[in-house]
Amino acid sequence: MAPHESRRMPDLVDYLLVLPPGWARIPLDERASAASSAIVDRAVANAPADAQANVRRFVTARLREVVRGAQIVSGTDLYLPTELIHGAPVPLSIIVSAPQLAAGENSAADALLAFAARGGATAVEVGGRLAVRQAGDVPVVLTANGELQIPASRRISYAIVPPTGDRLLVVTGSMLRMDTPEADDLLDAVEQLFDAMALTIRFAPTAARAAVAGML
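Here it is in structure tokens:
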């Protein structure tokens, strides 16, 4: 994995995430529009001249939908692939969030226990911190007319207890199941990519924020 590091240091959780080449970050705050526009411009620039108008409309609409969905689930950052691999897009998006504690939860440790009680959960360690990995498949959703509304996907989340603060850091990867003969192999490969990216998470103590930022 290339040493491209993206950093997000909000008031809630400071973390570092290593990104492969060809990925972009959209901060889910007032900067989301500008970051989305940069991705759209890149996609248009790489498209044939006679397709650029359609590419701009499609990518703009798709990005708006993805960003809105990430904001609804309390996301702080959205990570998306922006380059093709062997001529095909990488069917993976990543949302990082720091959700508020639910009723009855008094700490990030309480929230982690609740997260671990869900099905498909496994205890892991990320960045030297206690974490839980949860995986599950989401079935296809069809309209009343039998048309595809939401494709089948696999969703994997890492819930991590940060060294400071009272919220979990949750890193969720959504992987589309492509309608191809190699769908299972492709899904497994994308899952391995997401796991590799999620396991690069490291936490930067607030007191050392300036020093860490200066090193990157």
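full-length UniProt numbering applies: residue 1 is where the sequence shown begins, and numbers increase by one. Every residue, glycine too, gets a C-beta built ideally from N, C-alpha and C.
_Short of 7 Å in beta carbon distance, which residues of its chain neighbour V42, apart from the five on each side in sequence? Order them along the chain._
The question names Val, yet the displayed sequence has Arg at residue 42. If we look at R42 and ignore the five residues flanking it on each side, its Cβ neighbours are T82.
TODO: Check A102 in the structure and name its three-state DSSP category.
DONE: Note: A102 maps to coil in three-state DSSP.
Worksheet item: Roughly how many angstroms separate the alpha carbons of I160 and F115, rounded to a whole number?
Response: 10 Å
Notebook entry, point to check: What is the DSSP secondary structure of L17, reduced to helix, strand or coil?
Noted result: strand
For W23, which option in P91, E30, L168 has the closest C-alpha, if you only look at C-alpha atoms? P91
- Could you tell me the distance, in whole angstroms, from the CA atom of D110 to the CA atom of R129? 15 Å
### Query
So, L78 versus I26, is the Cβ gap smaller than 8 Å?
Yes, Cβ-Cβ distance for L78 and I26 is below 8 Å.
Worksheet entry | Identity of the residues DSSP links to L132 by a beta bridge | Here residue 132 turns out to be Val, not Leu, going by the sequence shown. Paired residues: A123, A159.
- Where does the unbroken alpha helix (DSSP H) through D110 begin, and where does it stop? 108-116
To the nearest angstrom, how far is the alpha carbon of P48 from that of V55?
9 Å
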